[in-house]
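K.L.:
What follows is a structure written as structure tokens; I'll ask about it next.
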Amino acid sequence: MAERQKVAVVGSGMAGLAAAWALHNDPSGKFDVTVYEKGNACALDGYSYTPPDAQSSRIDIPMRVFSGEYYANLFKLVAEFNVPAKPRRFLFVFTREEHDRPYFIHASNKHRIFPPNTAPNPSIYQRVRHLLLSLTLALCYAVFAFGVKFFPPGVGRPGETTETETIEHYCNRLYLPQFFLNDYLVPLFSSVATCSHDDFRSFPAVYITDYKKYTSGNDHNSVTTMQAMQEKLVSNNLRIKLRHPITNIESQPDGTVKCTIIDLDNGNKESIQTFAKVITATSSHALAHLYEPARPMASQLPICEAEVVVHTDYIIMSHVISRKDPLAKKPLSQLTAAEFLASTEWLNPASGTADILALQTRRSPSGEEWTEATHVHSSGILVTVRPVIYSKKPSPVEAAYGSMNKTPRLPPS
-18 MAERQKVAVV
-8 GSGMAGLAAA
2 WALHNDPSGK
12 FDVTVYEKGN
22 ACALDGYSYT
32 PPDAQSSRID
42 IPMRVFSGEY
52 YANLFKLVAE
62 FNVPAKPRRF
72 LFVFTREEHD
82 RPYFIHASNK
92 HRIFPPNTAP
102 NPSIYQRVRH
112 LLLSLTLALC
122 YAVFAFGVKF
132 FPPGVGRPGE
142 TTETETIEHY
152 CNRLYLPQFF
162 LNDYLVPLFS
172 SVATCSHDDF
182 RSFPAVYITD
192 YKKYTSGNDH
202 NSVTTMQAMQ
212 EKLVSNNLRI
222 KLRHPITNIE
232 SQPDGTVKCT
242 IIDLDNGNKE
252 SIQTFAKVIT
262 ATSSHALAHL
272 YEPARPMASQ
282 LPICEAEVVV
292 HTDYIIMSHV
302 ISRKDPLAKK
312 PLSQLTAAEF
322 LASTEWLNPA
332 SGTADILALQ
342 TRRSPSGEEW
352 TEATHVHSSG
362 ILVTVRPVIY
372 SKKPSPVEAA
382 YGSMNKTPRL
392 PPS
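Numbered according to the working numbering, the sequence shown spans residues -18 to 394.
In structure tokens, the structure reads:
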């Protein structure tokens, strides 16, 4: 039997473990695979959280939801492992930091024929206003969907003069009103991309049009937990070395690859090992540091830092709370999980059939805007995801503002 090829996989997220699993279980048996992870656990499920209440399911961090042909390969992987997947329905609650109430609520997957009203007990004026707004947004969305199908955005290619069209330019070309872009499209999709509003507007429009094209009409799905996926991927004695970061990758003239590996459990001992192949399943930012030939390309790919907070700070959810006696006078900071969930029943009567996803737009003192997404788990626990925003115009106020919003203001690495 021919000598097995040594393969190193850098990173233990979905991409890394899937690649390692495929090679490790190749019928020819010609690959000797090792996964190297710098953390204390595999990254795929390493950040997830199990609530103290044993009746609550594990909370995946980040939440991974997939839909339609856009995630066709992930659907195939889930089916291969027989990991249970279920449709997820969301109520996207749009609000701004300075507003007391939401300005719009969108029901995903069309599980509600008409968008819910933003007020618990709407007046006639509020009902009429909500109806007119909903019809206006439906018209804007129809124009957007028509444009995606018949007027796709420009995409620049090597040797062509056509420039890649940005999201902002594309929406302007479709004559979509600015309020539709600024108050709906940008907050929704920038929260998914976890980036600032300005960054999202400059993204290639094809990102959002492809997503719309391949997910339209399909349910959002998620596996029961990523823990189940991880257990399947690491089965059959896949070799994984935790707390073993790779700090440098060098190609050799003979076609092999040398890796510098640090053993954090052995006094940061450094070793150099040779592999036939190396798979880097990391961010472009990390790749630029690891492999010098990829640096010019990888350093140009945009990447945003994100912060995830698991908490029960119900004060930030005041815009979706409607309370009656005896809870009406109780401070939000003192609400129990059960009391908080009860106070959202005006919006989500059957909390088991839909998840509230609050999209709150914030603005820094120097003008940068971003939207943070807070997912209400069935246990009452909140998971808030937001981009780390570095001020373009630093001022003494920034540090205090960043502290108030629990947003780290560290210099970019």
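Glycine included, C-beta positions come from ideal geometry on N, C-alpha and C.
Pull up the DSSP beta-bridge partners for R397, would you.
P.N.:
Since the first residue of the chain shown is -18 and the last is 394, residue 397 is not available in this structure.
K.L.:
Kindly confirm or deny that the region 88 to 104 and the region 66 to 77 touch, where touching means at least three C-beta pairs closer than 8 Å.
P.N.:
yes
K.L.:
What are the uninterrupted segments assigned as beta strand (DSSP E) that are 3 or more residues long and contained completely in the region 134 to 216, given in chain order?
P.N.:
201 to 204
K.L.:
Which of helix, strand or coil does DSSP assign to L313?
P.N.:
helix
K.L.:
Just grab the DSSP bridge partners of V357 for me.
P.N.:
L363
K.L.:
Whole angstroms is fine: what's the gap from V395's alpha carbon to I362's?
P.N.:
Any answer about residue 395 is impossible in this case: the structure gives the chain only from -18 up to 394.
K.L.:
Report the residue from V238, I302 and Y122 whose alpha carbon sits nearest the alpha carbon of L271.
P.N.:
V238
K.L.:
Which runs of the beta strand (DSSP E) fall wholly inside the region 282 to 352 and span at least 3 residues, in chain order?
P.N.:
Segments of the beta strand (DSSP E) lying fully in the region 282 to 352: 287 to 292 and 336 to 344.
K.L.:
Skipping 5 residues on each side, what residues in its chain have a beta carbon closer than 7 Å to that of T241?
P.N.:
The answer, listed in chain order, is I227, T228, N229, E251 and I253.
K.L.:
Give me, in chain order, the residues of the same chain whose beta-carbon lies closer than 6 Å to that of S232; leave out the 5 immediate sequence neighbours on both sides.
P.N.:
V238
K.L.:
Would you say R93 reaches chain B, if we count a Cβ-Cβ gap shorter than 8 Å as a contact?
P.N.:
Among the protein chains of the structure shown there is no chain B, as only one such chain exists.
K.L.:
Should the region 16 to 25 be called in touch with the region -11 to 7, which here means at least 3 C-beta pairs below 8 Å?
P.N.:
yes
K.L.:
Using DSSP with H/G/I as helix, E/B as strand and the rest coil, what is T263?
P.N.:
coil
K.L.:
If you draw a straight line from the C-alpha of P8 to the C-alpha of E50, how long is it?
P.N.:
28 Å
K.L.:
Quick check on S89: does DSSP put it in helix, strand or coil?
P.N.:
helix
K.L.:
Which residue from R39, T355, L55 and T352 puts its Cα closest to that of H201?
P.N.:
L55
K.L.:
Given S183, which residues of its chain have a CB within under 6 Å of its CB, disregarding the five upstream and five downstream residues?
P.N.:
T147
K.L.:
Have a look at the DSSP bridge pairing and note the partners of F75.
P.N.:
F85 and L340
K.L.:
May I ask you to verify whether the region 303 to 314 touches the region 38 to 48, counting CB pairs closer than 8 Å and requiring at least 3?
P.N.:
As far as the Cβ criterion goes, the region 303 to 314 does not touch the region 38 to 48, which means the pair count is below three.
K.L.:
In whole angstroms, give me the CA-to-CA distance for E61 and D26.
P.N.:
Their backbone Cα atoms lie some 19 Å apart in a straight line.
K.L.:
Under three-state DSSP, which class holds Q107?
P.N.:
helix
K.L.:
Which residue's Cα is closest to the Cα of H178: E(-16), E353 and E320?
P.N.:
Comparing Cα-Cα distances from H178 to each of E(-16), E353 and E320, the minimum goes to E353.
K.L.:
So does the region 71 to 81 actually touch the region 164 to 176, counting three or more Cβ pairs closer than 8 Å?
P.N.:
yes
K.L.:
Is V364 near I40, with beta carbons less than 8 Å apart?
P.N.:
yes
K.L.:
With 16 other CB atoms within 10 Å as the buried threshold, where does D336 fall?
P.N.:
Classification of D336: buried, given that the 10 Å Cβ count is 16 or more.
K.L.:
Going by alpha carbons, who is nearest to D244 out of E18, F12 and L4?
P.N.:
E18
K.L.:
Quick check: H300 and R82, are their CB atoms within less than 8 Å of each other?
P.N.:
yes
K.L.:
Could you give the distance in angstroms between the alpha-carbon of C152 and the alpha-carbon of P32?
P.N.:
42 Å
K.L.:
For D246, which of helix, strand or coil comes out of DSSP?
P.N.:
coil
K.L.:
Out of curiosity, what's the CA-to-CA distance linking K258 and Q(-14)?
P.N.:
CA-CA distance, K258 to Q(-14), rounds to 8 Å.
K.L.:
If we call anything under 8 Å between Cβ atoms a contact, is A279 one with S265?
P.N.:
yes
K.L.:
Are H5 and L223 touching if we call contact CB-CB under 8 Å?
P.N.:
For H5 and L223, no; Cβs fall outside 8 Å.
K.L.:
In angstroms, rounded to a whole number, what distance separates the CA positions of A(-17) and L214?
P.N.:
26 Å
K.L.:
Within 10 Å of its beta-carbon, does E144 have 16 or more other beta-carbons around it, so buried, or fewer, so exposed?
P.N.:
exposed
K.L.:
Grab me the residues of P101's own chain with a C-beta within less than 7 Å of its C-beta, minus the 5 sequence neighbours each way, in chain order.
P.N.:
S303 and W327
K.L.:
Leaving out five residues before and five after T334 in sequence, what residues of the same chain have Cβ atoms less than 7 Å from its Cβ?
P.N.:
R70
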